[in-house]
Amino acid sequence: MSSRPKKKSFSEWYDYVLREGGFIDVRYGVKGMIVYRPHGMSIVSKLYQEFESDLKERGHLQVLFPLMIGLSNFRKEAEHIKGFEDEVFIVNKAGGKDLDEPMIIRPTSETAFYPMFKLWISSYRDLPFRTFQSVAVYRYETKATRPLFRGREFLWIESHNLFSSEEDAMNHINDDIKMMSSRLSELGIPYLVVRREPYDRFPGAEESFAYDAVLPTGEVLQVATTHYLGQKFTKPFEVQYLTEQGDKQYPFSTTLGIGISRILGALIACLGDDDGAYVPPQLSDRLGVVVPILSENESSEVMHYVESVLSVLPAGQFILDNSELTPGMKYYMSELLGYPLRIEIGKKEVRDRTVTVFRRDTKKRKSVSLDALPREIGAITDDMKANLKSQSAVKIYDAKNKDEIINLSAKNLIIRANFCGKKECADKIKEGTGGYEVRGELVNETQPDGACAWCGEKAARKVILARAY
Ligand SMILES: [Zn+2]
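In my numbering, each number is its position in the sequence shown, counted from 1, plus 1.
This is the structure we're talking about:
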């Protein structure tokens, strides 16, 4: 084990925690593709469960589509193909021969879903039609890849939905925003929900909303997006239904992509500290470890007491660390892996019929009597969850002019400013600040209260400026 880097050297710390904490392995040998190890995969499974249950509660039905999409289908929506053509993997050979029709490996699955929607949807009674699938998608990233943040294969959930009116579709998007906001808050990830600028929308979308997590470096990382597609996909794919009046109509559609890999990365980045990761109680496969502190002559007495402690703890939620490591090393490992709780038991605890409970978030210890232990564990984990929620707010700094934008950007802060809405101006901001991007307008933002803070022209809206990961 190499020496543990402090979180202020973020990049080194992040790689260390992912590796030594047993979350993922980057040594698979294919650029941009990683292996999820058991400690990381158990969090991935819980994240999937949480989001899938939210979607199912909102009436979405789970489906599973093939990995490959015929090239002709992929090319049906012009803007979409333009936006993705540089980053798709294409399969054009099999069995040593060229394929009649090449196939693409899904970078997202609109062009897989819509040809089937055409077959499945025929009447207004079929709408709203809400679906999702939990899969990996593939994009040939040319920028430097980074485990969980940017890869060529990443895990996500994609939801594709059809509605009979624009209003129903927009209501659905508002519910997406509520659902995502509530989950990201519960996870303790600081985030912003922004309406992307028109030039920055998902290829083929009429409106794009993004969930930007704010990393400890001050950079923002898009972890999910929801898009209003209008009839831009239903028309080229000829998805039509008969209205109640008997007319043929194209439905309006939406999509939501939830980046599970990125959320895992953001979780480790945002919640961790110098000692390692912190896995929130609701995502941890175990609530904690039990560490016996043994000395030569009292070990059988301690171990006997440990048995009675384990018998009152919630079943399957705690593991006994009876390895050969010293108690100090066991503490070190439990903090690196990020278990929410640790129960320490030595001769003092045996004598007093207590245990010492250590909580990972505040790193505080508390002596708890054996009788009160089950109840206390419930109370402590509830408090840990409440703490997480209070951490998800983002501090935003308002800038009135160019100088203020430059000063705040030098400190890596999240900025809000009046903006003219022009791409050329956004490009100049990026140049003048060494990388700050116009991320978009916060949902429920107020009207601009002055001219564009950068160019002085008439402002169209207030926007968030930040450095993107
Ligand atoms: Zn401007």
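Cβ atoms here follow ideal geometry from the backbone N, Cα and C, with glycine treated the same way. Here the structure is a predicted model, which means the values were calculated and not measured.
Proximity test, residue i beta-carbon vs ligand 1 heavy atom, cut-off 7 Å
i: residue 271; result: no
i: residue 403; result: no
i: residue 14; result: no
i: residue 203; result: no
Beta bridge counterpart(s) of residue i as assigned by DSSP
i: residue 319; result: 289
i: residue 218; result: Looking at the DSSP assignment, residue 218 forms no beta bridge with any residue, so it has no partner.
i: residue 161; result: 132 and 256
i: residue 419; result: 463
i: residue 63; result: 133
i: residue 279; result: Note: residue 279 sits in no beta bridge, so no partner.
i: residue 69; result: 106
i: residue 223; result: 213
i: residue 378; result: BP columns for residue 378 are empty, so no partner.
i: residue 99; result: 94
i: residue 441; result: 465
i: residue 243; result: 124 and 249
Exposed unless 16 or more other CB atoms sit within 10 angstroms - verdict on residue i
i: residue 322; result: buried
i: residue 196; result: buried
i: residue 313; result: exposed
i: residue 156; result: buried
i: residue 56; result: buried
i: residue 215; result: buried
i: residue 447; result: exposed
i: residue 112; result: buried
i: residue 455; result: buried
i: residue 213; result: buried
i: residue 199; result: exposed
i: residue 64; result: exposed
i: residue 126; result: exposed
i: residue 366; result: exposed
Three-state class that DSSP yields for residue i in the structure shown
i: residue 298; result: coil
i: residue 140; result: coil
i: residue 324; result: coil
i: residue 351; result: helix
i: residue 196; result: strand
i: residue 303; result: helix
i: residue 408; result: helix
i: residue 248; result: coil
i: residue 357; result: strand
i: residue 393; result: coil
i: residue 368; result: strand
i: residue 155; result: strand
i: residue 432; result: helix
i: residue 340; result: coil
Min CB distance residue i to chain C below 8 Å
i: residue 186; result: No chain C appears in this structure, which consists of one protein chain only.
(request) Any chance you could list the residues with Cβ under 5 Å from a heavy atom of ligand 1, keeping chain order? (result) 421, 426, 453, 455 and 456
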